[in-house]
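Numbering (my numbering), first residue to last: 33 to 112. The C-beta atom is built at its ideal place from N, Cα and C for all residues, glycine as well.
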């Protein structure tokens with residue numbers, strides 16, 4: 033099982049990533065091991081989507097990082 037996850041960063045921005053182990057990945061973010069988020073800790077898991085394959089997870093991650101994908105994520109998956 034793979035996951036596309038959405039983190040809310042301390043600066044208010046949304047981070048999108050994919051992993052096959054959400055707990056490990058969230059801990060990595062919050063320990064400062066991820067270059068793109070370490071300046072904006074703590075990171076809070078807002079939502080995630082489970083999919084069956086890594087390829088599908090990577091495709092969704094790429095989509096949700098686009099402008100229209102981010103708008104859909106904010107509307108459908110991220111609760112205020």
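*asked:* Taking DSSP's pairing of strands, which residues face residue 40 in a bridge?
replied: For residue 40, DSSP records a beta bridge to 46, 76.
_Three or more C-beta pairs below 8 Å linking the segment 92 to 111 and the segment 55 to 65_ = Remark: fewer than three beta-carbon pairs, one from each stretch, lie closer than 8 Å, so the segment 92 to 111 and the segment 55 to 65 are not flagged as touching.
*Range of the contiguous alpha helix (DSSP H) that encloses residue 62*: 54 to 62
*Between residue 69 and residue 61, which are expected to be in contact by the criterion C-beta below 8 Å, what is the C-beta distance as a whole number of angstroms?*
5 Å
*Kindly list the residues whose CB is nearer than 8 Å to the CB of residue 35, restricted to its own chain and excluding five residues on each side of it in sequence; keep chain order.*
50, 51, 52, 54, 80, 81, 82, 83, 89
*asked:* For residue 74, tell me which candidate among 86, 33, 46, 111 has the shortest Cα-Cα distance.
replied: 46
*Using a Cβ-Cβ cut-off of 6 Å (strictly less than) and excluding sequence neighbours within five positions of residue 72, which residues of its own chain qualify?*
41, 42, 43
*asked:* Is it buried or exposed, residue 56, if we count other Cβ atoms within 10 angstroms and call 16 or more buried?
replied: exposed
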